[in-house]
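Protein chains in written order, with our numbering: chain A, 1 to 91; chain B, 1001 to 1376. Think of the CB as a built atom: it goes at the ideal place given N, C-alpha and C, for glycine as much as any other residue. Since the model is a prediction, treat every value here as computed from it, not as a measurement.
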Amino acid sequence: MNGATAEQVPQLVNVTIHDWERTRRVEMEGVPRNVTFAELVDEARRQMGLSIDTEYQAVRGGMKLNHMQTLEEAGIDGDTDLEIHPEVSAG
Amino acid sequence: MSGLFAFSVGVHRRGALLRAAPASTAACLEDALWHGVLSGELRNGDLPEMAVEPVWAEGGPPSVAGVRVVRSGGASREYGLHVFEDRAHGLIRDLLKAQVLRADDVVEWAVAGMIEPALPAPRFRARASRAPFPLRPGRLDDVRSGTFAVAIERDVLAAIRDRVLGAAPVECAGVLAGTLVHDRGRGAARLEITGQVAVDAGERGASMTHFAFGANSFAAARRTIAEMGEGTVAAGWWHSHPPCADCPRNPSCRAETIFFSADDAQVHAAAFPAAYAVALVAGKLRGRPATDPGIALYAWSGAAVEEVPLRRLASGAGACAVAGYVCREETAARRTGDAAGTAAASRGVVRTAVRVVRGEGQADEAREEIAEPGGP
């Protein structure tokens, strides 16, 4: 929690999500910290108009985030930037 | 029927639905925006309201014969069922892998449109934006008016060939880098590919028949491209289809490994959705030894990915292709999407030949090759 006390931690945060190229962006305001990354990814994909045929993964600082984890469980206690990357394999 | 529409592809055998899955129309929206900007109808950076409507088949809803993108202001563009072809092939491939389909099965696929169910109220506010297309103004006297050309530097092709030979018999991949020049007066554009960034596979690794991208694959490529100079952007991607390990020792082998699979189409749509993004596939050509890989170019054309012939240039860039997006759409619009497929198994590899019958009765063949578990 980066040393923040419970009183200092906002329950709503702002999340900005980029695609991997950083050409598309979704700004989310007032996101409850009990929202899962799966919910954020779904909304970002819908807003960005990305393919619905593919799974996307939330990435923060180069690390994949657990789909089922909430912002709170991931220790995100303030505004944050994420990326979404497609989970794809060439054949 | 009115409202927002959702579309799904269904695969049938003898009239029975085997599998259905949502089908994306994102490529149609992207193509409509790109076409509007290239032609000068839209200002680069403008994001007009756009909606996708079904073009109903002769039998009426829910079967569709295509879709129509309607832009605020009334302009519209139509797309045939070919824009769903890769999705259908992907479903057929999944059915083969699951052994739901067997040799000599005949399958049909169709697309249905339906009113999109209302979504639950969002728990937060969300606003989307996107960067304008990275167009640099310029004169393109050597590009036909109303077309999109691709030029690839010889060094890029040589670097890819070297990487492919070094990685064989395992697939390898990378991201292409380049700039995009737009001659607004002629409604023409040219993607000039000037570099490439080979990337490492993700957690699911790479083999002779796959290359899995990971979070770091894309992030590393973006960072490298950002250092290539102002205006240089991700222009697409490349990957290899290596022949078998013994092929280099057998110069007379007639195998050919260059094609764009349903998996490749999914990578392109999900990771490189920009209308100007291209893909290169390196592999063995029938008439050349495995030690001299060939490269084919695939590009968006009317919201579907199609192979575009490359030609060698006498000087300057190594190869050039012109995707006549206007002409190609006219061709595609004649397709009815009436499709039938057959599957046959041989030597551990399942092949399904999907016959797509066009409106004028011509047939062309799209082939999927799927390695069975434990197969080559």
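Quiz item: Would a C-beta distance cut-off of 8 Å place A1271(B) and F1218(B) closer than the cut-off?
Solution: Here residue 1271(B) refers to the residue found at position 271 when the second sequence is read from its first residue. Here residue 1218(B) refers to the residue found at position 218 when the second sequence is read from its first residue. Contact: yes.
Exercise. State the CB to CB distance for the pair A1201(B) and A1221(B), rounded to an integer number of angstroms; the pair is presumed to be in contact (CB under 8 Å).
Key: Residue 1201(B) sits at position 201 when you count from the first residue of the second sequence. Residue 1221(B) sits at position 221 when you count from the first residue of the second sequence. Not really, about 13 Å apart at Cβ, beyond 8 Å.
Quiz item: Taking the Cβ atom as the reference point for each residue, do E1085(B) and A1006(B) lie within a distance shorter than 8 Å?
Solution: For this step, residue 1085(B) is matched to residue 85 along the second sequence. For this step, residue 1006(B) is matched to residue 6 along the second sequence. No, these two residues do not count as a Cβ contact at 8 Å.
Exercise. Please list the residues of the region 1164–1180 of chain B that have a C-beta atom closer than 8 Å to any C-beta atom in chain A, keeping them in chain order.
Key: The residues in question are E1171, A1173.
Quiz item: Relative to the C-alpha of G62(A), which residue among A1269(B), Q1266(B), R1223(B) is closest?
Solution: Position 62 of the first sequence, counted from the first residue, corresponds to residue 62(A). It is R1223(B).
Quiz item: Do you know how far the Cα of G49(A) is from the Cα of A1167(B)?
Solution: Indexing the second sequence from 1 puts residue 1167(B) at position 167. Indexing the first sequence from 1 puts residue 49(A) at position 49. In a straight line, the C-alpha of A1167(B) is about 35 Å away from that of G49(A).
Self-check item: Length of the line joining the Cα atoms of V13(A) and S1008(B)
Solution: Reading the first sequence from its first residue, position 13 is the one you call residue 13(A). Reading the second sequence from its first residue, position 8 is the one you call residue 1008(B). When rounded, the distance between both Cα atoms is 35 Å.
Quiz item: Of all the options V1143(B), Q1196(B), P1122(B), L1176(B), which has the alpha carbon lying nearest to the alpha carbon of P32(A)?
Solution: Position 32 of the first sequence, counted from the first residue, corresponds to residue 32(A). It is P1122(B).
Practice problem: With DSSP collapsed to three states, give me the class of S1301(B). | Solution: For the purposes of this step, residue 1301(B) is taken as the residue at position 301 of the second sequence. Three-state result, S1301(B): strand.
Quiz prompt | Any beta strand (DSSP E) of 3 or more consecutive residues that is wholly inside the region 1022–1104 of chain B | solution = 1050–1056, 1064–1071, 1076–1080
Quiz item: Taking the Cβ atom as the reference point for each residue, do A1088(B) and V1011(B) lie within a distance shorter than 8 Å?
Solution: Along the second sequence, one-based indexing puts residue 1088(B) at 88. Along the second sequence, one-based indexing puts residue 1011(B) at 11. Yes.
Self-check item: Buried/exposed call for M28(A), threshold 16 Cβ in 10 Å
Solution: Walking along the first sequence from the start, residue 28(A) turns up at place 28. M28(A) sits buried, since 16 or more C-beta atoms from the chains shown fall within 10 Å of its C-beta.
Quiz prompt | Where L1267(B) sits in the DSSP three-state scheme | solution = On the second sequence, residue 1267(B) is found 267 positions in, with the first residue counted as 1. The sequence as given places Val at residue 1267(B); Leu does not occur at that position. The answer is helix: DSSP assigns V1267(B) an H, G or I state.
Exercise. Tell me, please, whether the region 1046–1054 of chain B touches the region 1065–1080 of chain B by the rule of three or more beta-carbon pairs shorter than 8 Å.
Key: yes
Quiz item: What residue from N1044(B), A1277(B), V1083(B), G1195(B) has the CA that sits closest to F1225(B)'s CA?
Solution: Position 225 of the second sequence, counted from the first residue, corresponds to residue 1225(B). Going by the sequence as given, residue 1225(B) is Ile instead of Phe. Looking at the Cα atoms, G1195(B) is the closest of the given residues.
Quiz item: Mind checking if A1121(B) is an interface residue toward chain A, Cβ cutoff 8 Å exclusive?
Solution: Here residue 1121(B) is taken as the residue at index 121 of the second sequence, counted from 1. No, no contact with chain A.
Quiz item: Is the shortest distance between the beta-carbon of A1020(B) and the beta-carbons of chain A less than 8 Å?
Solution: As a working note, residue 1020(B) is residue 20 in the second sequence. Taking Cβ atoms only, chain A never reaches closer than 8 Å to A1020(B), which makes this a no.
Quiz item: So V1170(B) packs on S1207(B), CB below 8 Å; how close in whole Å?
Solution: Residue 1170(B) sits at position 170 when you count from the first residue of the second sequence. Residue 1207(B) sits at position 207 when you count from the first residue of the second sequence. V1170(B) to S1207(B), Cβ: 6 Å. Contact.
Quiz prompt | DSSP state of D1200(B) mapped onto helix, strand, coil | solution = In the second sequence, the residue the question calls residue 1200(B) occupies position 200. D1200(B) falls in the coil class under three-state DSSP.
Quiz item: Ordered along the chain, which non-local residues of its own chain (more than five positions away) have a Cβ less than 6 Å from that of R1139(B)?
Solution: Stepping through the second sequence from its first residue, residue 1139(B) is reached at position 139. Around R1139(B): D1183.
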